[in-house]
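Colleague: Starting off with a structure, shown below.
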Amino acid sequence: MATEEELANMSPEQLQELQKQNCIFCHIISGKVASKKIYEDDKVLVILDINPANPGHIVLLTKEHYQIMPQIPDDEIAHMFMVAKAISHACLKALKAQGTNIFIANGMVAGQKASHFMLHIIPRMNVDNIKIFDLPEKNIPDNILEQIRAGLTNKINQLFGINTEEPIIFDKKPEEIGSKPEKEKHEEKKIKKPEKKSKQEKSEDKNEGTKEAKKEEQKAEIDLDEISNFIIENEPKK
Amino acid sequence: MSQKNNCEFCQIIGKKINAKRIFEDEKTLAILSPNPCCAGHILLMPKEHFSIIEQVPDYVIAHLSKLVNKISIAVFEVLQAKGTNILIHNGITAGQKTNHFMIHIIPRKENDGLDFQWQPKQLNEEQMSTIELKLKEESKGIGEFEKEEKKPVRLDKEIEKIDKEENYLIKQLNRIP
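Same order as they appear, the protein sequences are chains A and B.
All residue numbers for the first sequence refer to numbering that gives the first Met the number 0, where the first residue is 0 and numbers rise by one.
All residue numbers for the second sequence refer to numbering that gives the first Met the number 0, where the first residue is 0 and numbers rise by one.
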């Protein structure tokens with residue numbers, strides 16, 4: 000194992016390599032660790048979970064080492080879900096299951112335990128007494144929902160490069176969701192966002208390597224750091 | 000058809016019932032859940048009525064999953080969520096409450112009161128091996144996925160585009176003295 004000092008001096012590429020070396024699921028994929036394989040192709044590996052929620056609990060892994068979903072290219076996500084559909088069907092037929100849950104924990108707070116991104120497929124029986132997937136219902140005030148709707152609509156349209164008529168303005172952050180340390184950051188956004196960029200500027204922004212932008216964002220936002228770097232506590236200081 | 004007529008979500012898609020729409024395209028609709036489990040709980044569904052995932056064509060699944068990723072990224076940034084859960088209930092036994100197939104996207108924060116952690120069940124080696132064999136046998140056919148057939152309507156649109164381009168070219172030509 001590398002010492003803390005060594006970790007601090009490593010480049011991001013080296014860190015990623017180290018993570019791969021320490022990832023049990025990468026070892027399963029390469030065959031160094033034994034597993035009960037169900038299906039395999041060039042992009043994904045499907046195995047039985049060793050700590051199943053229910054008999055036949057299946058884990059679908061990407062062969063490439065990704066930590067969280069935003070890192071995964073679109074075509075691989077699409078492939079994962081199409082395989083998941085087929086595996087879900089196999090569960091119904093082979094195990095006489097009456098239903099399936101397809102579940103992704105994306106990020107540590109969402110319950111992700113390994114640093115390797117995975118998709119769970121859990122066959123369900125009438126009497127299996129699993130209640131975790133029954134969603135509770137909460138009363139959330141309409142004005143907060145409306146703010147969320149406006150914010151998400153704008154962001155999603157922006158991601159797809161669609162011009163929205165509604166300007167991206169957050170007068171007030173949804174109270175329930177916001178936590179105190181982020182207030183300052185939000186104020187910055189308030190200043191920046193109302194300035195409408197011209198089409199050209201927008202497209203230029205996108206071309207200028209979203210990776211760099213993301214890195215900067217990760218440094219600014221402690222939250223994103225926590226999500227993607229939950230193995231490495233210390234960022235390389237150079 | 001009667002199932003479709005009674006489906007609350009088909010009526011939302013047909014704009015007969017109001018909902019907080021956050022994204023819409025030809026095949027899919029994403030709304031904020033009318034019965035949210037937390038602020039920002041999103042439902043993503045195909046516009047066509049399907050009950051379970053087995054009925055949904057592969058290319059629609061592929062399209063939905065790309066949207067899941069994009070919406071999840073938006074949730075991270077807009078709601079400052081620290082994680083997301085993606086959940087599909089497939090069948091009433093699995094907790095499906097509606098007749099319309101949908102994907103739940105649930106933004107997560109620390110101490111938000113939600114918990115999807117399961118209690119591991121103990122199975123012996125023999126049980127595991129039996130399950131493995133059965134599933135392996137059933138999964139042999141996986142690998143070919145349906146692709147979308149191109150509709151004649153699309154061709155019309157393309158022709159329109161070409162027309163416009165031609166007009167544009169003609170205009171350019173006219174400008175030349």
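Built from N, CA and C at the ideal position, the CB exists for glycine as well.
These numbers were taken from a predicted model, which means no experiment stands behind them.
Using a beta-carbon distance below 9 Å, is B/Asn89 in contact with chain A?
Modeller: Taking 9 Å as the CB threshold, B/Asn89 lines the interface with chain A.
Colleague: Does the segment 47 to 57 of chain A touch the segment 52 to 71 of chain B, meaning 3 or more C-beta pairs lie closer than 8 Å?
Modeller: Contact between the segment 52 to 71 of chain B and the segment 47 to 57 of chain A is absent: fewer than three C-beta pairs spanning the two stretches fall below 8 Å.
Colleague: Specify, as a first and last residue, the run of the beta strand (DSSP E) that B/Met44 falls within.
Modeller: Ile41 to Pro45
Colleague: Return the CA-CA distance between B/Cys36 and B/Phe49, expressed in angstroms with no decimal places.
Modeller: 23 Å
Colleague: Skipping 5 residues on each side, what residues in its chain have a beta carbon closer than 8 Å to that of B/Asp111?
Modeller: Cys37
Colleague: Assuming B/Ile52 and A/Ser87 are in contact, meaning their beta carbons sit under 8 Å apart, how far apart are those beta carbons, in whole angstroms?
Modeller: 6 Å
Colleague: Assuming B/Ile87 and A/Tyr38 are in contact, meaning their beta carbons sit under 8 Å apart, how far apart are those beta carbons, in whole angstroms?
Modeller: The Cβ separation is near 19 Å, so there is no contact.
Colleague: According to DSSP, A/Met107 sits in a beta bridge with which residue or residues?
Modeller: The partner list for A/Met107 (beta bridge, DSSP) is empty, contrary to what the question assumes.
Colleague: Quick one: which residues of the segment 15 to 38 of chain B get their C-beta closer than 8 Å to a C-beta of chain A? List them in chain order.
Modeller: Lys19, Arg20, Ile21, Phe22, Ala29, Leu31, Asn34, Pro35, Cys36, Cys37 and Ala38
Colleague: Compute the distance between the beta-carbons of B/Leu134 and A/Ala89, then report whether it is under 9 Å.
Modeller: yes
Colleague: Using DSSP bridges, identify the partner residues of B/Phe22.
Modeller: B/Ala29
Colleague: Under 9 Å, Cβ to Cβ, is there at least one residue of chain A near B/Met101?
Modeller: no
Colleague: Within 9 Å of any Cβ in chain E, is that where the Cβ of A/Pro11 sits?
Modeller: In summary, chain E is missing from the structure at hand, where the protein chains are A and B.
Colleague: On the criterion of 16 or more Cβ atoms from any shown chain inside 10 Å, does A/Lys179 qualify as buried, or is it exposed?
Modeller: With a pLDDT of only 46 at A/Lys179, under 50, the local geometry of the prediction cannot be trusted, and the value read off the model is given with reservation. Exposed, by the Cβ-count rule.
Colleague: Applying a beta-carbon distance threshold of less than 9 Å, which residues of chain B neighbour A/Gln249?
Modeller: Because chain A in this structure spans residues 0 to 237, residue 249 of chain A falls outside the shown range and cannot be described.
Colleague: What's the C-alpha gap between A/Asp272 and A/Lys35?
Modeller: Since the displayed chain A opens at 0 and closes at 237, residue 272 of chain A lies outside it and no answer follows.
Colleague: Using 8 Å as the Cβ pair cut-off and three pairs as the minimum, do the segment 95 to 105 of chain A and the segment 116 to 131 of chain A touch?
Modeller: Yes, the segment 95 to 105 of chain A is in contact with the segment 116 to 131 of chain A.
Colleague: DSSP three-state label for A/Asn125, please.
Modeller: Reduced to three states, the DSSP call for A/Asn125 is coil.
Colleague: Since B/Gly140 is in the alpha helix (DSSP H), which residue starts that stretch and which ends it?
Modeller: No alpha helix (DSSP H) contains B/Gly140, which DSSP labels as neither H nor E.
Colleague: Quick one: is B/His62 near chain A, going by C-beta distance under 9 Å?
Modeller: yes
Colleague: If contacts are defined as beta-carbon pairs under 8 Å, then B/Pro45 and B/Phe100 qualify, I think. What distance do you get, rounded to the angstrom?
Modeller: 7 Å
Colleague: I need the DSSP call for B/Lys133, collapsed to helix, strand or coil.
Modeller: helix
Colleague: Output the boundary residues of the beta strand (DSSP E) element that contains A/Lys19.
Modeller: Segment Pro11 to Asn21 is the alpha helix (DSSP H) holding A/Lys19; no beta strand (DSSP E) there.
Colleague: I'd like to check one pair, B/Ser64 with A/Ala85: are the Cβ atoms closer than 9 Å?
Modeller: Result no, Cβ atoms of A/Ala85 and B/Ser64 do not sit closer than 9 Å.
Colleague: Could you tell me which residues DSSP puts in a beta bridge with B/Pro106?
Modeller: Answer is B/Thr83, bridged to B/Pro106.
Colleague: So, using beta-carbon positions, are A/Ile155 and B/Ile30 closer together than 9 Å?
Modeller: With respect to the 9 Å criterion, A/Ile155 and B/Ile30 are not classified as neighbours on the basis of their beta carbons.
Colleague: Please state the DSSP three-state secondary structure of B/Glu7.
Modeller: helix
Colleague: Just by C-beta distance, which residues in the segment 39 to 59 of chain B are closer than 9 Å to chain A?
Modeller: Gly39, His40, Ile41, Ile51, Ile52, Glu53, Val55, Asp57 and Tyr58
Colleague: State the Cα-Cα distance for the pair B/Lys3 and B/Asn98, rounded to the nearest angstrom.
Modeller: 9 Å
Colleague: Let me make sure I understand the geometry here. Which of A/Gln18, A/Gln13, A/His115 and A/Ser10 has the alpha-carbon closest to that of A/Val238?
Modeller: Lying before the first or after the last residue shown, residue 238 of chain A is absent from chain A, which here runs from 0 to 237.
Colleague: If we define contact as Cβ-Cβ less than 9 Å, is A/Asn125 a contact residue for chain B?
Modeller: Closer than 9 Å: yes.
Colleague: Of all Cβ atoms in chain A, is any one closer than 9 Å to the Cβ of B/Ile141?
Modeller: yes
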